[in-house]
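Start counting the sequence shown at 144; every next residue gets the next number (our numbering).
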Amino acid sequence: MKARPPPSAPAATMGSPERTRILVVDDEEAILETMTFTFEDDYDVLTSSSPRDALALLDRYAPVAVVISDQRMPEMSGVEFLAEVYARHPSTVRMILTGFADMDATIGAINASHVYAYVTKPWEPDQLKQVVRQGVEHHRLACENERLLAELRRANVFLEAVIDQFDTGALALDADGVLRAANRPARAYLGFAGDPRGRPLLEAIAAPELAPLADAAERLAGDGAAEPEELDLARGGKRLRLRIGCQRLLDEAGAPMGRVLLLREVSHEPLRRRFEELLEQAAREPGSVRGLLQQAQAELRKLGAEAKGSGIGSPAMAELAERASRSATAIDHWLAVDDALAREDYPDAQLLRDRMRVATSRWPLPDRLPARVQELARRVEAYYESGENPKQPVL
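Here you go:
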């Protein structure tokens, strides 16, 4: 007999619980029968008198918890066989049967094949059962650990994906100042080409242009109550202004375990404040707003040009430039609609409605339109319904 599958293998395909499998390899049929008799009550026992056939069995019926191999076999030695088992199925526990004369080979197997245990011939059945039982438990724990690690890796993938969506950059450091995590904004701000994890922070940001950040990180690390600092950086021809803060990390017992450096890009904030002031001024004006809108339109175009030409490569600055452009376009439409109603007897009513709809969608504060703009919208709707145009400006 060359190889024999486990008795319960067919039943496993019908939904019955699978029993733990072990594989015994020995060129002596009597040894295989003895091993089967010893373990068949507790495990599904695969046996083979050929190491090569045993490898095929192992591949077919994996996972196999324990492989027990004789050392002296015709096709290959137990050391060679178990080395191949380790290469194909590293989680399978490997054991070797050996005589006292083979101890040098056994030591080689332990080193080369990562053998879990060796059993000397002749063996005591109870002792052998105990060793195999321990090997099966070792395999179970190893598989469970691998499952938990896989779940942890999967959870980390989702967690990193979420953290990478934050606008704020984050660098997580352990108690020794070694980088343990860096999200996408932080990597982009600091120009990290590869994965910086596992490197000391001061080594990772050793570039001369990052010297202000290194200095700020040192100051913040030394004073847990320090206020955030703002600093200017130049990376790859782009300028950035960052606000850097520090938060301590504590374990469940409240002991310090590291800190997180938070990097927020604030290059756009002065322009953003100007932008918001223009919108707020227009929204608050209860009377005529034509002159104010014309002034705001010019300011918005100037602000958008400044944002685009700032040389600051940040999403916030690009977004501000886009919002300024959209706001200026909204004012274009409002002024054009007001002019059409004041100068033309019968302007295209549908075109006027469409332009008002586009303008409202582009204005950053659609729920706070200037009062005269709201009146203009009502005038357009009235003209659309009645066809009567008083030819009077609204704005």
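C-beta: ideal position from N, C-alpha, C; glycine also. Since the model is a prediction, treat every value here as computed from it, not as a measurement.
Q | Opposing strand residues paired with ASP187 [DSSP bridges] | A | Beta-bridge pairing links ASP187 to ARG164.
**Q.** Sufficient close CB pairs (3 or more, under 8 angstroms) joining the segment 434 to 446 to the segment 482 to 491
**A.** Fewer than three pairs of CB atoms, one per stretch, sit closer than 8 angstroms, so the segment 434 to 446 makes no contact with the segment 482 to 491.
Q. Exposed or buried, what is LEU114 when buried is set at 16 or more other beta-carbons lying within 10 Å of its beta-carbon?
A. Absent from the structure is residue 114, since the part of the chain shown begins at 144 and ends at 538.
Q.
Quick check: the Cα distance between MET238 and SER193, rounded to an integer number of angstroms?
A. Within the model, the alpha-carbon separation for MET238 versus SER193 is close to 16 angstroms.
Q. CA-CA distance, LEU291 and ALA364?
A. Rounded to the nearest angstrom, the two C-alpha atoms are 34 angstroms apart.
Q) Where ALA298 and GLU289 are concerned, what is the direct C-alpha to C-alpha distance, given to the nearest angstrom? A) For ALA298 and GLU289, the distance between alpha carbons rounds to 14 angstroms.
Q: Could you round the C-beta distance between LYS550 and LEU240 to whole angstroms and report it? I think they count as a contact, below 8 angstroms.
A: A question about residue 550 goes unanswered here, because the residues of the chain that appear run from 144 up to 538.
(Q) Please classify GLY337 as buried or exposed, where buried requires at least 16 neighbouring CB atoms within 10 angstroms. (A) By the neighbour-count rule (16 or more Cβ atoms within 10 Å), GLY337 is not buried but exposed.
**Q.** Inter-residue CB distance, ARG466 and PRO507 (contact presumed, cutoff 8 angstroms)
**A.** Indeed they touch by this definition, with Cβ atoms about 6 angstroms apart.
Q: Throw me the rounded Cβ distance for the LEU404 and LEU295 pair, which I believe falls under 8 angstroms.
A: Wrong, their Cβ atoms sit about 24 angstroms apart, outside the cutoff.
Q: Please go through the same chain and pick out, in chain order, the residues whose beta-carbon is closer than 6 angstroms to the beta-carbon of PRO429, but skip the five residues on each side of it.
A: By the criterion of a C-beta distance shorter than 6 angstroms, PRO429 is surrounded in its chain by ALA514, once the five residues flanking it on both sides are discounted.
Q) Is the segment 390 to 410 in contact with the segment 487 to 503, if contact means three or more CB pairs nearer than 8 angstroms? A) At 8 angstroms Cβ cutoff, the stretches do not touch.
Q: Report the rounded CA-to-CA distance for GLU462 versus ALA205, giving the unit in angstroms.
A: Distance between the alpha carbons of GLU462 and ALA205: 55 angstroms.
(Q) Here's the rule I'm using: 16 or more other beta-carbon atoms within 10 Å means buried, otherwise exposed. How should CYS389 be labelled? (A) Looking at its Cβ environment, which holds 16 or more other Cβ atoms inside 10 Å, CYS389 is buried.
Q: Can you check DSSP and say which residues form a bridge with GLN390?
A: Answer is VAL403, bridged to GLN390.
Q: Out of LEU356, ARG362 and SER431, state which residue places its alpha-carbon closest to the alpha-carbon of GLU370.
A: The residue with the shortest Cα to Cα distance from GLU370 is ARG362.
**Q.** Under the three-state DSSP convention, the category SER529 falls into
**A.** Helix, per DSSP.
**Q.** Stretch pair the segment 327 to 342 + the segment 421 to 436: three plus CB contacts closer than 8 angstroms
**A.** The answer is no - the segment 421 to 436 does not touch the segment 327 to 342, with fewer than three Cβ pairs under 8 angstroms.
Q | Own chain partners of ALA285 with C-beta closer than 6 angstroms, once the 5 adjacent residues on each side are dropped | A | If the five residues before and after ALA285 are omitted, its C-beta is found closer than 6 angstroms to the C-beta atoms of SER234, all from its own chain and listed in chain order.
Q. Going by beta carbon distance, what residues of the same chain come within less than 8 angstroms of ALA154, once the five residues before and after it are set aside?
A. Confidence at ALA154 is low in this model, with a pLDDT of 37, below 50, so its placement is unreliable and the value that follows should be read with caution. Around ALA154: no qualifying Cβ.
Q: Can you tell me which of the three DSSP states ARG505 falls into?
A: Reduced to three states, the DSSP call for ARG505 is helix.
Q. Roughly how many angstroms lie between the CA atoms of SER504 and HIS476, to the nearest whole one?
A. C-alpha separation (whole angstroms): 11 angstroms.
Q: Over the uninterrupted beta strand (DSSP E) stretch that includes GLY312, give me the two end residues.
A: Run containing GLY312: 312 to 317, per the beta strand (DSSP E) assignment.
Q) Got a sec, what are the start and stop residues for the beta strand (DSSP E) LEU175 sits in? A) From DSSP, LEU175 is part of no beta strand (DSSP E) but of the alpha helix (DSSP H) over 172 to 182.
Q: Let me know the secondary structure DSSP gives ASP338 once reduced to three states.
A: Residue state, collapsed to three classes: coil.
Q | Proximity of VAL258 and ILE165 at Cβ, strictly below 9 angstroms | A | ILE165 is positioned such that its CB atom lies no closer than 9 angstroms to that of VAL258.
Q.
For THR156, which residues in the same chain have their Cβ closer than 7 angstroms to its Cβ, ignoring the five residues on either side in sequence?
A. For THR156, the predicted model reports a pLDDT of 35, less than 50, meaning its position is unreliable; a value from the coordinates is still stated below. Cβ neighbours of THR156 beyond the five flanking positions: none.
Q.
Taking the straight line between their C-alpha atoms, what separation do you get for TYR526 and SER431?
A. Approximately 21 angstroms, taken between the alpha carbons.
Q. What is the rounded straight-line gap between the Cα of ASP510 and the Cα of ALA426?
A. Here the alpha carbons of ALA426 and ASP510 stand approximately 10 angstroms from one another.
Q: For LEU494, count neighbouring Cβ atoms within 10 angstroms of its own Cβ and tell me buried if that reaches 16, exposed if not.
A: Classification of LEU494: exposed, given that the 10 Å Cβ count is below 16.
Q: Indicate whether LEU345 and ALA360 have their beta-carbon atoms separated by less than 9 angstroms.
A: Yes, the Cβ-Cβ distance between LEU345 and ALA360 is below 9 angstroms.
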